[in-house]
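Presented below is the structure to which this report refers.
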Amino acid sequence: MFKRHTTKVRRRSHHSVLQARVMSPRIAWYGFLKFFAGILKFACILAVLVTAGWGIWKGVQRAFYQNPDFKLQVIDLNPNPAIDEAGLVDTTGIDVNSTLFDIDVEKVVTHLKSLPQIADAHAERHLPGTLMVRVTAREPRAWVACRDAGISAERRIGGMLVDAEGFAYACPPLQFETAAHLPVIHLPVREDHSIIPGEKVRHPELEHCFRLLSVAEEEDAESIHWIESIEQTKEWALTLVTREGTEATFGLGDHARQVSNFRAALDHAHRKNYSIATINLIPKENVPITIRDEAEPPRAIPVLEPTPDEIREDRRTRDLNTLLNRG
Numbered sequence: 031m032f033k034r035h036t037t038k039v040r041r042r043s044h045h046s047v048l049q050a051r052v053m054s055p056r057i058a059w060y061g062f063l064k065f066f067a068g069i070l071k072f073a074c075i076l077a078v079l080v081t082a083g084w085g086i087w088k089g090v091q092r093a094f095y096q097n098p099d100f101k102l103q104v105i106d107l108n109p110n111p112a113i114d115e116a117g118l119v120d121t122t123g124i125d126v127n128s129t130l131f132d133i134d135v136e137k138v139v140t141h142l143k144s145l146p147q148i149a150d151a152h153a154e155r156h157l158p159g160t161l162m163v164r165v166t167a168r169e170p171r172a173w174v175a176c177r178d179a180g181i182s183a184e185r186r187i188g189g190m191l192v193d194a195e196g197f198a199y200a201c202p203p204l205q206f207e208t209a210a211h212l213p214v215i216h217l218p219v220r221e222d223h224s225i226i227p228g229e230k231v232r233h234p235e236l237e238h239c240f241r242l243l244s245v246a247e248e249e250d251a252e253s254i255h256w257i258e259s260i261e262q263t264k265e266w267a268l269t270l271v272t273r274e275g276t277e278a279t280f281g282l283g284d285h286a287r288q289v290s291n292f293r294a295a296l297d298h299a300h301r302k303n304y305s306i307a308t309i310n311l312i313p314k315e316n317v318p319i320t321i322r323d324e325a326e327p328p329r330a331i332p333v334l335e336p337t338p339d340e341i342r343e344d345r346r347t348r349d350l351n352t353l354l355n356r357g
């Protein structure tokens, strides 16, 4: 089949439609009434919803927030050396006359975690009237002192403590009794690292002192009771002072040997009824010491051209060195 082609142009008829809108006051009035009826309907629905919401809110208030059955009756705080119930109320601003649902639990936790002496905290409501609070107090490792920064070495409430992770915090009243026997670590002033409560102490000297303290505790569990202080006095040396005033020089390493020799020296001095003033434990042999004498100031051993008194002291020193080398 072939389509027939034609050159005639087909004419299509076009119809024009005239639209006319008629507006009159009556029609306008009907339109306004229809619009107003829609607005009124929406307002009625909104009023019903607001009334229902208000009623629900008032019901919740009466059922929970104003219900005397849910009044705060007990603060269940775990035993800890950082804070007690009274301190908890003062710190967090809890209204003891409020209901359990008036207390912002997240706010309570935030306040507690902001305390430098607390490492972690958790709180939750236990119906009908118990607020359970669990805190993890920082465990003190030592006291921290910095003479030039005004941080006193005095062991007291409010003095600076540091835990095993190096976080500094002021000693709370409840923790003073257990922390009173801890040694003091003296630190230098560092412009790049300040000692701030609640923040970690970044001093490398603290790590060196902690390392010596850990080894001392491994060798003798009671060492924290006879160690008065530790300080890095030189780039290569630490000075440990006992509660009896003996100053012992340690290196930055090989602490196990040095602590063992130190304990042997103290035991020997106790048996022989004399006191060691200073001892340098870095040498492996011929450990130099000075003997405390009430009549005369201690003298270093060995010395050149010994006097008769020094010869007598040197004999005691040789006995001590023989004992240490055997150990």
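Numbers 31 to 357, taken from my numbering, label the letters of the sequence shown in order. Where is the CB? At the ideal position from N, CA and C, for every residue including glycine. Note that the coordinates shown come from a computational prediction; the quantities given were computed from them, not determined experimentally.
Taking the straight line between their C-alpha atoms, what separation do you get for residue i and residue j?
i	j	result
A153	E169	21 Å
W256	L118	35 Å
Y199	V165	16 Å
T208	P202	11 Å
I306	Q288	16 Å
D134	L157	15 Å
H223	I260	20 Å
R273	A183	14 Å
K101	S128	6 Å
L76	K64	19 Å
M190	L296	30 Å
I226	S290	35 Å
Pick helix, strand or coil for residue i, following the three-state DSSP scheme.
i	result
N291	helix
W173	strand
D297	helix
T276	coil
V80	helix
V138	helix
A116	helix
E252	coil
F72	helix
Identify, in the order they occur along the chain, each residue of the same chain with its Cβ nearer than 6 Å to the Cβ of residue i, setting aside the five sequence neighbours on each side.
i	result
E326	Low per-residue confidence applies at E326: pLDDT is 47, beneath 50, and the placement is therefore not dependable enough to give any value.
V104	T160
P332	Any answer about P332 is weak, because its pLDDT of 37 lies below 50 and its placement is not dependable; what the coordinates show is given next. Cβ within range, chain order: n/a, list empty.
If you drop the 5 nearest sequence neighbours on each side, which residues of the same chain put their C-beta closer than 8 Å to that of residue i?
i	result
L142	I113, L118, T121, T122, I148, A151, A153, V163 and V165
V219	C176, D178 and A179
Which one or two residues does DSSP pair with residue i in a beta bridge?
i	result
L107	V163
I306	I321
A151	V165
Take residue i and list the residues in its own chain whose beta-carbon comes closer than 7 Å to its own, dropping the five residues that flank it on each side.
i	result
E235	L217, P218 and Q262
H238	Q262, L268 and L282
**OP:** Counting only runs of 4+ residues fully inside the segment 160–233, write out the alpha helix (DSSP H) ranges in chain order.
**Re:** Within the segment 160–233, the complete alpha helix (DSSP H) runs of at least 4 residues are 206–209.
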